[in-house]
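Residue numbers (my numbering): 305 to 521.
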């Protein structure tokens, strides 16, 4: 790591002091996304994709580019990766309308709900319990909680769906999980399970089991 643990959590402090009350706004957007899945309408699918695109664009610019780059030169690559994810959500969800979200009550949906609940509820409580108090703690809108939320929401995708939207969150789950081992952020171990869920969704090819159509990238 090109930075110390103190510098890592110090970036969170600088970020929160500069952008408050953005974490509350971002959490509100996340809750709106959940409501749109539970009570869908004709435009709700595009709206959910738009929320995911906005979250990843915020992550790229407001966190990686502006703040994390101060202590880690790789932050510019992380910003580019996150902008790529935002672009995919925008293109596939708002331009091509290929992303449809629905609560189906199956095992995959319940796992998705667990990931969303963990990102918005359990993650901040866990952070507080282990001594990572505000403002020096990861809140929603920062990489790991956003990744958990995103993979949870993608578990609600209605087949067939393209694989591309899963790619960046799965990659980030592998990157972010390292914080559990090198920076003492134990709650980021959840990214391992979330990443495996994302890989499963990609391997299913986005189609029901009885279909044999070509893969949709």
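For each residue, glycine too, the CB sits at the ideal point set by N, CA and C. From a predicted model like this one, the values you see are computed outputs, not experimental measurements.
Three-way DSSP call (helix, strand, coil) for residue i in this model
i	result
residue 487	coil
residue 444	strand
residue 405	strand
residue 368	helix
residue 345	coil
residue 389	helix
residue 438	coil
residue 306	coil
Pairwise C-alpha distance: residue j and residue i
i	j	result
residue 374	residue 346	43 angstroms
residue 353	residue 408	18 angstroms
residue 458	residue 483	23 angstroms
residue 320	residue 429	17 angstroms
residue 417	residue 456	6 angstroms
residue 355	residue 307	31 angstroms
residue 413	residue 419	10 angstroms
residue 399	residue 471	19 angstroms
residue 339	residue 376	37 angstroms
residue 328	residue 358	14 angstroms
residue 344	residue 427	27 angstroms
residue 436	residue 464	41 angstroms
residue 388	residue 502	17 angstroms
residue 309	residue 489	10 angstroms
Run of the alpha helix (DSSP H) containing residue i, from where it starts to where it stops
i	result
residue 477	468 to 480
residue 454	447 to 458
residue 375	Looking at the DSSP string, residue 375 is not in any alpha helix (DSSP H), and its letter there is neither H nor E.
residue 504	494 to 507
residue 395	First-last for residue 395: undefined, no H or E at that position.
residue 423	Where residue 423 is concerned, there is no enclosing alpha helix (DSSP H), given that its DSSP letter is neither H nor E.
residue 316	309 to 323
Spatial neighbours of residue i in its chain, beta-carbon cut-off 7 angstroms, leaving aside the 5 residues before and after
i	result
residue 368	379, 382, 383 and 386
residue 492	448, 480, 481, 483 and 484
residue 439	316, 317, 320 and 321
residue 460	341, 405, 406, 407, 413 and 416
residue 403	349, 353, 396, 397, 461, 465 and 469
residue 487	309 and 312
residue 337	352, 355 and 457
Close Cβ partners of residue i (< 6 angstroms) along its chain, the five nearest in sequence each way excluded
i	result
residue 423	449, 452 and 453
residue 477	451, 495, 498 and 499
residue 333	355
residue 394	357
residue 506	467 and 470
residue 326	none
Bridge partner(s) assigned by DSSP for residue i
i	result
residue 461	405
Contact set for residue i: own chain, Cβ-Cβ below 8 angstroms, skip 5 residues either direction
i	result
residue 446	316, 319, 363 and 367
residue 475	385
residue 433	none
Chain B contact for residue i (CB, 8 angstroms cutoff)
i	result
residue 313	Among the chains of the structure shown, chain B does not appear; only one protein chain is present.
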